[in-house]
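Residue numbers (my numbering), protein chains in the order written: chain A, 68 to 532; chain B, 584 to 1118; chain C, 24 to 393.
Written below as structure tokens is the structure these notes are about.
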Amino acid sequence: MTPKKTVVYPYIPNSNPAVKAEMLKATGAKSVDEFYAEIPESIRLKRKLNLPEPFLSEAALVRHVEGLLAKNQSAREALSFLGGGCAQHHVPAVCDEINSRSEFLTAYAGEPYEDHGRFQSLFEYESMMAELLNMDVVNVPVYDGYQATGTALRMAGRITGRRIALLPASISPDNLSKIRDYVRPDMQVELVAFDPATGLMDLKALRVQINDQTAAVFIENPSYLGFLETQAAEIGSIAHEKGALFVVGVDPISLGVINPPIEYGGDIVCGDIQSLGIHMNYGGGQAGFIATRDEEKFVMQFPSRLFGIATTCVEGEYGFGDVAYERTSFAVREEGNEWVGTAAGLWGITAGVYLALMGPQGMQEIGRGSMQRARYAMQKMAAIPKVRVQFVDTPHFKEFVVDFNKTGKTVAEINKALHARGIFGGSDLSVEFPALGQSALYCITEVHTQADIDGLVFAIHEVVK
Amino acid sequence: MTSIVRTTIKKHVEPKAVAKKPALRRFHQASWDEPVIFELSVPGQRGILPPEPEAALVQAVGDPADKLPDSLKRKAAPALPEMSQIHVLRHYMRISQETLGVDLNIDIGQGTCTMKYSPKVNDQLARSPKMSELHPLQPVSSVQGILEVMVKFEEILKEISGMDRVTLQPGAGSSAIYANISMIRAYHTARGENEQRNEVITTIFSHPSNAAAAKVAGYKVITLYPDADGYPDIEALKAAVSKHTAALMITNPEDTGVFNPRIEEFVRIVHVAGGLCSYDQANANGLLGITRARDAGFDVCHFNLHKTFSTPHGCGGPAAGACGVTKEMSPFLPTPTVEFDGASYYLDFNRPQSIGKIRPWYGVAPNILKAYAWVMSLGADGLREISEIAVLNNNYLLSKVLEIRGVSMPYTKGKRRIEQVRYSWEQLTNETGVHSEEIGFRAADFGTHYWTSHHPFVVPEPMTLEPTESYSKEDLDEYVTILKHIAEEAYTNPEIIHTAPHNSTVHKIDQESFDDPEAWAVTWRAYRRKVLKNT
Amino acid sequence: MKRIGLIVNPFAGIGGRVGLKGSDGVDTVRRAIELGAVPEALQRATSSLLPLSLIRDSLEVLTYPLEMGETSARDAGFTPKVIDAIRSGATTAEDTQRAARDMCEFDVDLLLFAGGDGTARDICKAVPAQFPCLGIPAGVKIHSAVYATNPRHAGELAMLYLDDKARLREAEVLDLDEDAYRAGRVSTHLYGYLSVPYRRLLTQNQKVPSPASEARQAEAIAEAVIEKMQPDILYILGPGTTTRTLAQKLGLAKTLVGVDVVRDGRLIAQDVTQAQLLALVESMPAKIIVTPIGGQGFLFGRGNQQIGPQVIRKVGRENIIVISTSDKLNALRTQPLLVDTGDDEVDALLAGYFTVITGYHERTVYRVVS
């Protein structure tokens, strides 16, 4: 071993040689090597790790990393219309302020005494989501919306004791891939076709496919492709008629104006909370939620933590803790309630801050505004020669599909040209949904002004003519 | 006119030095008696105003809900709290003060969690809009920076683990463990042996997520208990292995801090039976540059970036996990992988044998960035120092803790532990009636805490301490002083422990309602309905 | 107004300090007193009542006269309601049993008893199934799981239970064969079960499975075993709650402490002796289903001696199915399971590793030593 240069690392207080010696003495060991006595020679690494030279000074490190980041062009530096499960909404400054509070940022798994704040903030997140959803039970966040959906379906499987989940064919293939892999040991997934003109689920097909082995009928509202499933209530009835559960995936930012699923028959609701005050983070800002009614048969199926409120021995004091921590499965053959692990707690707290800032009026305004902007964009797009808007007569929320087939250009070509003009065009659906041909998914949010939309439309007009 | 010169007579005061602080902090946690946020609501208040669409736009579109069926129209606005901005901020600031993050305490009590320092510079870098404002579907040419970070960090983890490829897609540790068993399942399926190989072997001191992930993936789980000396029992393994074995999923060192000296043999036994080996390296903090997954023969391994690699724990996430795999397992990696073709970075979606996606997009990018920056600030020598000091700290702490009356270290007596130790307070409990978790609550009165153990409590009255490299000798000494003090109290004044905590944010919580379906309340609206009866 | 019954066995533990093992039998007691032994049970009962004095005003204590409870209750500051009569200084096991029956008739909310295994055995004989009881440890030998860890805990647990903050679980009542023990041989019997309150730990991360989750696990185990049961094979079911759950799932009533035999889903023999069992296994192929008994985890030799070494030899090691909740295994603190059939050869045959079924899809491979 070549002798190391003696560095006292700022992150390693006891790398100070004098301290190290004192501590060694206290343990009775001559060198640190003795602590590794249990590790056989045969698996000891006999050389130094071959890693890049470090930047020991913070200034050099910052320079290096900023140099790498400089090679990125963020959505703020372009005009972005990308969506598909991750959206560019405005993140209030107070949201960032709170989730950079070191106490929240660096806490983990303490008790509800010294971590009372963590429990309270997550309980409040659950509670505010509950008001959006009109449901009494909401979990501490899981990794992302895909996970939430997979778990919601498995919950439905355990509760009904059945094996089949019916999913809409308009679901994101990535989401489908995750769900298939996740539910595989206990459930099968079947897709129900959608009407190519409206995007809505083909109810005739649903009625044929559903049977007494169906655990759940799942829809997304709004769909991955942006439209609202107007037949939702009817789909729920069909599901219930056959004893299946109705599982609905939603975009929580729509719930200021769109009815929460419980109002049209939803039993388990799931989705992603990224749109609630969390930066896109290149896909690292996702967090999933699951909500149900407050009935034992549902609550006992949650794999995630559920924080509840209680009294303490001091009058007027709130205490918090885990509800039904010893949850076991009622159906003995099911292999336990999946797992509980580190997931997305800080994003839950952030979403709570967001909802508290927005309040009822803010959520109504942003919901209505999204629908107005999307409709405007759809109208303008539809007016471009050779460009069509898919499912144009179905109501949409914030995303919609644009059909470029008649332009003779591929979405890839169009997006390249748009990029040259400083625009991130809608995501390419041609691989995900071959039946839609050269189509793209556009997302409009409150960060877009009318001028932005007009600019997009003009650019597309130029590019496709 | 004579001027009067006043002379003020100063009284001489002996300056008084502040007395030396006592050995035990006179700590009290912030306690704001803060209501639940709904109680702070004042009708009509606004916290933020979203941008309104322009008047011309609004006119052009009419009522956007005109095509919505009644069933989809929300009737009443959601009953969220109505607060002005400063009140939202103040509320959350207060309750943040009522949370004991790593940055505030000697957080060596959360064993297996590796509560090390998360450097602020890395958090700051990740908050740059050039990280936070990237959309995952942006043109690849516009995200070369973050893709480069991902490729470079993969290289780093390849070197640290000895593995041939690494995926950074998992959202956290358990998700990575699941990805590993999912890949193993795909491997056996490709060889037509998935039906036959339906069993996974693990140990009782491995992290419970190994058993859980295996179950979720559809396997029968066989759990091994330690042998008489406290090591994973190799004879039990031999008895458990068969043609039905799909995999061994094992944490090493285990959550007790014991390193299995026969780990290579364990791997060999399973390989001979045709199974694969998955290495849970959540406890890698003591092993960086010392020993590698590949050298022990493992086929897949995983790391927790929020443990060993310093990304902050965030009250339970967001985190990030990484899976290292051998060349043979690479085809099964989740899609996409991040590649470099010599000129630029790109995402490879063309992976026919992949297990598909474990999460949306490519990974928790800001955390990958933080972990990368952390390694780049340390280098090979620095990582080696991290591990050696983590292990030194642990063994130093061990020697001090064992001097405390009533505590013991079960298993492998006289042998060294790696980076953490699971202790037992059994003797103290038998002699005083004070339980381990009560000691943990009393610790909150001195500004810290600890965690007992994962389920199940095989070690009675457990306490699992993991000092990491981030704490100084003084920190460790202070922690021991606290434990020693509480242990003494157990023998002389147990009542104060039974009724603890006294100086924390709240007092003894009434637990009973949490298990009673009639009484539990997961949300404020449930609480108002069931407990307050909507008064 | 809550009501508890208090029974003190004044001779419990009396032999220990003076080197006698156990205190059953009038002769032993007399010997002990001659040797200068002092009854500690009374003091321990008093200690256990102290936590309850917080609710003294709303708690009625029903007890037997003088050293069988009255003294301890008064020392703890209670004014007990004293029933029946005793011959002070000469009380016996019969008195304990009578006291227990009396208090059940008075329908006390909880029956507290101070003693050892022998006392627990007496209570077990006298109270109806599922009657809430709790032991205050005062004996020398305590193998039964019906006792709190110390007198103070007994009082605290009683408090919690009376306040509806603790649930009940079934706990084993074991006892040693007294004479054998004193002669140097250890031979335990499983007498039965009592319903005792259990304490939920206080922490968020507490992991003691509740009786509910244990019951579910037992059901899952039962399903796994039943699924694999074949026709025309005798299944010998050992004692224990886990095997009882299996029988229940088959729709059969199983004796809790006896060995029963099932074939083709029907009970063909109940509470068999060793001889009967041997005759049965000579006649047709058989499998044995056992669960560990007692705090030390005996697989064979404690509580199921009817499954004797000859039976085991005839059935064959490979036809032994071991079932157990993981909770029970974890309580062994990684100590191995034990066998003591009385036959060294059979013991050696059994030693090694057994697959234990711990759930529907869960197994353990556990070490067994003789």
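Yeah, the Cβ is synthetic: ideal placement off N, Cα and C, and Gly gets one too.
8 angstroms Cβ cut-off: residues of chain A touching residue i
{"i": "I631(B)", "result": "P159, V161, L424, M425, G429"}
{"i": "F1097(B)", "result": "G375, A377, G388, D389, V390, A391, Y392"}
{"i": "K1067(B)", "result": "Under the 8 angstroms cutoff, chain A gives no residues; its nearest Cβ is about 15 angstroms from K1067(B)."}
Residue-chain proximity (residue i, chain A), Cβ-Cβ < 8 angstroms
{"i": "E847(B)", "result": "yes"}
{"i": "T891(B)", "result": "no"}
{"i": "C696(B)", "result": "yes"}
{"i": "A1027(B)", "result": "yes"}
{"i": "H1090(B)", "result": "yes"}
{"i": "K593(B)", "result": "no"}
{"i": "K713(B)", "result": "yes"}
Nearest residue (CA-CA) to residue i, options the options
{"i": "H157(A)", "options": "I511(A), G355(A), F525(A)", "result": "I511(A)"}
{"i": "A905(B)", "options": "D863(B), E681(B), V644(B), I592(B)", "result": "D863(B)"}
{"i": "V150(C)", "options": "S167(C), Y170(C), Q120(C), P174(C)", "result": "Q120(C)"}
{"i": "G415(A)", "options": "C162(A), G316(A), E330(A)", "result": "C162(A)"}
{"i": "G965(B)", "options": "T1088(B), I743(B), D686(B)", "result": "I743(B)"}
{"i": "S982(B)", "options": "F365(A), P84(A), K92(A), G412(A)", "result": "K92(A)"}
Span separating the alpha-carbon of residue i from that of residue j
{"i": "H1090(B)", "j": "V204(A)", "result": "26 angstroms"}
{"i": "R780(B)", "j": "E250(C)", "result": "20 angstroms"}
{"i": "A638(B)", "j": "K453(A)", "result": "29 angstroms"}
{"i": "M1046(B)", "j": "G1023(B)", "result": "9 angstroms"}
{"i": "Q517(A)", "j": "G645(B)", "result": "15 angstroms"}
{"i": "G324(C)", "j": "I767(B)", "result": "43 angstroms"}
{"i": "S765(B)", "j": "D198(C)", "result": "50 angstroms"}
{"i": "P633(B)", "j": "K351(C)", "result": "58 angstroms"}
{"i": "S290(A)", "j": "R221(A)", "result": "21 angstroms"}
{"i": "L269(C)", "j": "I259(C)", "result": "12 angstroms"}
{"i": "V588(B)", "j": "E597(B)", "result": "27 angstroms"}
{"i": "C337(A)", "j": "F356(A)", "result": "5 angstroms"}
{"i": "S654(B)", "j": "Q298(A)", "result": "9 angstroms"}
{"i": "T1051(B)", "j": "G840(B)", "result": "12 angstroms"}
Partner residues on chain B for residue i, Cβ-Cβ distance less than 9 angstroms
{"i": "F102(A)", "result": "G869, E971, V974, L975, N977, N978, R999, R1000, I1001"}
{"i": "E385(C)", "result": "A794, K798, K803, V804, I805, T806"}
Beta carbon proximity, residue i to chain C, threshold 8 angstroms
{"i": "A1070(B)", "result": "no"}
{"i": "F1040(B)", "result": "yes"}
{"i": "L807(B)", "result": "yes"}
{"i": "G1016(B)", "result": "yes"}
{"i": "V799(B)", "result": "no"}
{"i": "V804(B)", "result": "yes"}
Neighbour flag for residue i against chain B, beta carbons, 8 angstroms
{"i": "Y389(C)", "result": "yes"}
{"i": "R274(A)", "result": "no"}
{"i": "Q446(A)", "result": "yes"}
{"i": "Y175(A)", "result": "yes"}
{"i": "R79(C)", "result": "no"}
{"i": "F171(A)", "result": "yes"}
Chain-ordered neighbours of residue i on chain A, where CB pairs are closer than 7 angstroms
{"i": "V947(B)", "result": "G351"}
Interface partners of residue i on chain C, CB under 7 angstroms
{"i": "P1043(B)", "result": "R356"}
Chain B residues whose Cβ lies nearer than 8 angstroms to that of residue i
{"i": "S497(A)", "result": "By Cβ distance, chain B contributes nothing, its closest Cβ being about 13 angstroms from S497(A), past 8 angstroms."}
{"i": "M195(A)", "result": "I620, L663, P664"}
Chain-ordered chain B contacts of residue i [CB-CB under 7 angstroms]
{"i": "I416(A)", "result": "C898"}
If you scan the segment 372–452 of chain A from start to end, which runs of the alpha helix (DSSP H) of 4 or more residues do you find wholly inside it?
-> 412–449
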